[in-house]
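*Asks:* If you read the sequence shown in the working numbering, its first letter stands for residue 341, the second for the next number, and so on.
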Amino acid sequence: MRNGEYMKAIVTVMLKNGVLDPQGKAVEGALAGLGFSGIGSVRIGKCIELNLDATNNKDARAQVDAICKALLVNPVIESYAVDLKPTGKVG
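(1) Is DSSP giving L374 helix, strand or coil here?
(2) Does the stretch 402-415 come close enough to the stretch 372-383 that 3 or more CB-CB pairs lie under 8 Å?
(3) With C-beta atoms as the reference, is L424 less than 8 Å away from A349?
(4) In this structure, how does DSSP classify A410 when only helix, strand and coil are distinguished?
(5) Mapping DSSP to helix, strand and coil, what is A394?
(6) When you compare each of E368, T427, P426 and I417 to M354 by their alpha carbons, which one comes out closest?
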């Protein structure tokens with residue numbers, strides 16, 4: 341990485357609507373068993389943080405999209421959202 345400004349990407353990957361989420365169902369049942377009421381459908385996902393050597397949102401987004409399509413997301417059953425934040429100058 342070069343000296344300069346960097347971007348942090350936070351990628352949230354979730355199962356698509358309609359895809360069964362057994363882990364979410366287990367947590368939902370456990371919450372009910374613990375006495376928590378009023379909890380609707382529970383869905384479990386994953387959060388991935390990436391520090392990128394990119395100085396603008398367009399380049400960072402393109403890099404993250406390529407990473408998600410190549411490795412992080414199964415597009416048949418998962419969707420993802422990306423939140424980009426500048427991290428400032430890194431030496």
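Just so you know, even glycine gets a beta-carbon here, dropped at the ideal spot from N, CA and C.
*Replies:* Taking the geometry as given:
(1) DSSP places L374 in coil when its eight states are reduced to three.
(2) Short answer: they don't touch.
(3) A distance below 8 Å separates the beta carbons of L424 and A349.
(4) The answer is helix: DSSP assigns A410 an H, G or I state.
(5) Here A394 sits in coil by DSSP.
(6) Comparing Cα-Cα distances from M354 to each of E368, T427, P426 and I417, the minimum goes to I417.
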